[in-house]
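Undergrad: First the structure, then my questions, so here it is.
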Amino acid sequence: MLRLNKFIVSDTDNIFVAIGCNTQATVLGSLAVNHDYVYKVGCMSMCNSLVYVPNNTCSGIGCCQTSLAKGVRYFNVTVSSYQNDTSITDISPCSYAFITETKSFKFASTDFSDLRYVASLPLVLDWNIGDSNCTTIRNNMMYNACQGNSTCQDPENGSGYLCKCLDGYQGNPYLPNGCQDIDECKNSTLNICDKKCINTPGSFHCSCPEGYQVMELKMEQVQVASVIARWNWRRPDSFASVYYLDVLGFQEMEAHETEGEVL
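Counted from 1, the sequence shown has number 248 at position 235 by my numbering; the numbering is strictly sequential.
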């Protein structure tokens, strides 16, 4: 039996496992959001020969597994023999049941005998702050631990709340000044700037090279149902605009005259 006051058993990173032939196992637990609600889940594994027990899979032949509910704070594991079959004790003398970290467990037929020498297995726990969610904290103007460049976030598992860095920041949201600005301009995959990138707190913006103005795209409808696209990317001392005319799907043509004339 395991009872947790401050932590919650992770439902995404743990699994409930039973190993043995003629084995049935259950886990009885209560949820953090409602201590009065008790849930029960289990599985059964069967086999009568090691020949048919596959390694690296836990599908019910010698090993079975099942997922856990969200918000488990207390659980009790029981394991027993199904139909009290004693004919398989030579290949499976013991039955085992436990909750363990999913990525750390890989079943092998040797577990029938080797698990008796295992003293402990890894278990992943989730933790949240307090019992109030972010909405309750905001509505009642309650203090929360999310300060600086961090914000309150409701957890996926259990009650309480978590902190996360604001968009454009990274680091540890639970430390003073733990969330630091991400300089998107230093990483080309984080910005879409073609010419010049300027980093700002939590964000960035693009700019033109010195001596150039911001480029704009204007679309104008003409009578022949074609579209003229005017790109204003020019020096301030230049009066010529560049025009592109796409006439009914034909190749674009470039014009270098004034706005009223297209070649």
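A virtual CB, placed ideally from N, CA and C, is assigned to each residue, including glycine. On a predicted model such as this, the values are computed, not experimentally measured, just so you know.
How is the beta strand (DSSP E) around Arg86 delimited, first residue to last?
TA: Here the question's residue 86 lines up with position 73 in the sequence shown. Per DSSP, Arg86 belongs to the beta strand (DSSP E) from Val85 to Ser94.
Undergrad: What residues are listed by DSSP as bridge partners for Tyr109?
TA: Residue mapping note: residue 109 aligns to position 96 of the sequence shown, counting from 1. According to DSSP, which records beta bridges pairwise, Tyr109 is partnered with Ile32.
Undergrad: If you reduce the DSSP assignment to three classes, tell me which class Trp246 lands in.
TA: On the sequence shown, residue 246 is found 233 positions in, with the first residue counted as 1. Below a pLDDT of 50, predicted positions are generally treated as unreliable, and Trp246, at 42, falls in that range; no measurement from the model is reported.
Undergrad: DSSP has Gly173 in a bridge; who is on the other side?
TA: The residue labelled residue 173 in the question sits at position 160 within the sequence shown. Note: Gly173 sits in no beta bridge, so no partner.
Undergrad: Is DSSP giving Tyr130 helix, strand or coil here?
TA: Counted from its first residue, the sequence shown places residue 130 at position 117. Reduced to three states, the DSSP call for Tyr130 is helix.
Undergrad: Among Lys83, Gly55, Met154 and Gly75, which one has its Cα closest to the Cα of Ser126?
TA: Here residue 126 corresponds to residue number 113 of the sequence shown, with the count starting at 1. Per the Cα distances, Gly75.
Undergrad: Reducing DSSP to helix, strand and coil, say where Ser43 ends up.
TA: As a first step, residue 43 must be located in the sequence shown, where it is residue number 30. Correct three-state label for Ser43: strand.
Undergrad: Hey, is the region 50 to 62 in contact with the region 194 to 206, meaning 3+ C-beta pairs nearer than 8 Å?
TA: Touching, no, given that fewer than three Cβ pairs across the two stretches are closer than 8 Å.
Undergrad: Considering Cα atoms alone, identify which of Cys71, Ser23, Leu63 and Cys77 is closest to Thr36.
TA: Numbered from its first residue, the sequence shown carries residue 36 at position 23. The residue with the shortest Cα to Cα distance from Thr36 is Cys77.
Undergrad: Is Lys53 helix, strand or coil when you go by DSSP?
TA: Here residue 53 is taken as the residue at index 40 of the sequence shown, counted from 1. In the structure shown, Lys53 sits in a strand (DSSP, three-state: E or B).
Undergrad: Cys147 lies in the alpha helix (DSSP H); which residues open and close that run?
TA: Reading the sequence shown from its first residue, position 134 is the one you call residue 147. Cys147 to Asn152 is the span of the alpha helix (DSSP H), which, as asked, contains Cys147.
Undergrad: Of the choices Asn89, Asp180 and Cys34, whose alpha-carbon is the least far from that of Ser100?
TA: Within the sequence shown, numbered from 1, the residue matching residue 100 stands at position 87. Considering only alpha carbons, the answer is Cys34.
Undergrad: Which same chain residues end up closer than 8 Å to Ile142 when comparing Cβ atoms and leaving out the 5 residues on each side of it in sequence?
TA: Residue mapping note: residue 142 aligns to position 129 of the sequence shown, counting from 1. Counting only Cβ-Cβ distances below 8 Å, and skipping sequence neighbours, we find Asn157, Ala158, Gly173, Tyr174, Leu175 and Cys176.
Undergrad: Just to confirm the assignment, what range does the beta strand (DSSP E) spanning Gly184 have?
TA: For the purposes of this step, residue 184 is identified with residue 171 of the sequence shown, where counting begins at 1. That run of the beta strand (DSSP E) goes Tyr182 to Gly184.
Undergrad: Would you mind working out which of Ile211, Val30 and Ser220 sits nearest Lys116, comparing C-alpha positions?
TA: Taking the sequence shown and counting its residues from 1, one reaches residue 116 at position 103. Closest option to Lys116, Cα to Cα, is Val30.
Undergrad: Beta-carbon within less than 6 Å of Pro249's beta-carbon, same chain only, minus the 5 sequence neighbours each way: which residues are those?
TA: To locate residue 249, count along the sequence shown from 1; it is residue 236. Here Pro249 scores only 45 on pLDDT, less than 50, and its place in the model should not be relied on; the value that follows carries that caveat. Closer than 6 Å at the Cβ level, and outside the excluded window around Pro249, lies no residue.
Undergrad: Under the rule that 16 or more other beta-carbon atoms within 10 Å means buried, what is Ser105, buried or exposed?
TA: Working through the sequence shown from its first residue, we reach residue 105 at position 92. Looking at its Cβ environment, which holds 16 or more other Cβ atoms inside 10 Å, Ser105 is buried.
Undergrad: Relative to the C-alpha of Glu114, which residue among Ser216, Val22 and Asp207 is closest?
TA: As a working note, residue 114 is residue 101 in the sequence shown. It is Val22 whose Cα lies nearest to the Cα of Glu114.
Undergrad: Just confirm the distance between the C-beta atoms of Asn162 and Leu188, as a whole number of angstroms; I'd bet it's less than 8 Å.
TA: Indexing the sequence shown from 1 puts residue 162 at position 149. Indexing the sequence shown from 1 puts residue 188 at position 175. About 11 Å; that fails the 8 Å criterion.
Undergrad: Please return the same chain residues whose Cβ sits closer than 8 Å to the Cβ of Asp194, not counting the five positions on each side in sequence.
TA: In the sequence shown, the residue the question calls residue 194 occupies position 181. Same-chain partners within the cutoff: Asn162, Gly181, Tyr182, Asn212, Pro214 and Gly215.
Undergrad: Let me know the secondary structure DSSP gives Phe217 once reduced to three states.
TA: In the sequence shown, counting from the first residue as 1, residue 217 sits at position 204. Correct three-state label for Phe217: strand.
Undergrad: Quick one: residues in its chain with C-beta nearer than 7 Å to the C-beta of Pro67, no 5 flanking neighbours on either side, listed in chain order?
TA: As a first step, residue 67 must be located in the sequence shown, where it is residue number 54. The residues are Ile74.
Undergrad: Our contact map puts Ser80 next to Ile28 with C-beta atoms below 8 Å; I'd like the distance itself, whole angstroms only.
TA: Within the sequence shown, numbered from 1, the residue matching residue 80 stands at position 67. Within the sequence shown, numbered from 1, the residue matching residue 28 stands at position 15. Correct: roughly 6 Å between the Cβ atoms.
Undergrad: Under 6 Å Cβ to Cβ from Gly171, same chain only, skipping five residues before and after it: list those, please.
TA: The sequence position of residue 171 within the sequence shown is 158, counting from 1. If we look at Gly171 and ignore the five residues flanking it on each side, its Cβ neighbours are Ile21, Ala45, Gly84 and Asn141.
Undergrad: Let me check one thing: in DSSP terms, what residues is Phe20 bridge-paired to?
TA: In the sequence shown, the residue the question calls residue 20 occupies position 7. DSSP, once it has assigned bridges, lists Trp140 as partnering Phe20.
Undergrad: Determine the direct distance from the alpha carbon of Gln160 to that of Phe252, and round the result to whole angstroms.
TA: Reading the sequence shown from its first residue, position 239 is the one you call residue 252. Reading the sequence shown from its first residue, position 147 is the one you call residue 160. For Phe252, the predicted model reports a pLDDT of 40, less than 50, meaning its position is unreliable and no value from the coordinates is stated.
Undergrad: Which of helix, strand or coil does DSSP assign to Asp98?
TA: In the sequence shown, residue 98 corresponds to position 85, counting from 1. Here Asp98 sits in coil by DSSP.
Undergrad: Going straight from the alpha carbon of Cys192 to that of Thr164, what length do you get?
TA: By one-based count along the sequence shown, residue 192 stands at place 179. By one-based count along the sequence shown, residue 164 stands at place 151. Straight-line Cα distance between these residues: approximately 10 Å.
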